[in-house]
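Okay, structure first, notes after.
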Amino acid sequence: MIFVDRYYTKKHEWVVVEGDTGTVGISDFAQDALGDIVYAELPEAGKYLHIGDTGAAIESVKAASDVYSPISGTVKEKNVELEKNPSLINKSPFDKGWLFKLKVKNAHELKDLMDEAAYEEFKKIEENESGT
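Residue numbers (the numbering used here): 336 to 467.
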């Protein structure tokens, strides 16, 4: 499935911007690498995140991982369903498994992220380097 409006970081976060709202999550590649997710700590509404700030923390049966904000903005909403059912990240990383929504401050930051095609190439290189 190709998402033309989805942008990715090299740490496997994604963002979709609609109007002034950016929805943030982790990629299918990231959730697969983490394994079964058992806990998600999400930011509270009103928190300002600069690009690259830790926006959330995820724990799986394999590891714990910080999730970094792919763009700058103020948190508008967190996915409260994930606090009850963090496995939604595994089941639906691009739909029901989103983490938080931001009021986007600098939409021009998107130009520094990868589109779907660039991200697919990046994953291939990363997989080759890691030997998977």
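Even for Gly, the Cβ is constructed at its ideal location relative to N, Cα and C.
Hey, A365 and E376: beta-carbon distance below 8 angstroms or not?
no
Taking a contact to mean a Cβ-Cβ separation below 8 angstroms, would you say S400 touches H385 in this structure?
no
In angstroms, rounded to a whole number, what distance separates the CA positions of S395 and A442?
31 angstroms
Contacts around D371, its chain only, beta-carbon distance under 7 angstroms, and the 5 residues preceding and following it disregarded
S395, V396, S422 and N425
Using the Cβ count rule (16 or more neighbours within 10 Å means buried), how would you classify I361?
buried
Counted within 10 angstroms of its Cβ, other Cβ atoms place I337 as buried (16 or more) or exposed:
Confidence at I337 is low in this model, with a pLDDT of 49, below 50, so the placement of that residue should be treated as unreliable; the coordinate-derived value is given next. Exposed.
Let me make sure I understand the geometry here. Which of L437, A452, K431 and L448 has the alpha-carbon closest to that of T409?
L437
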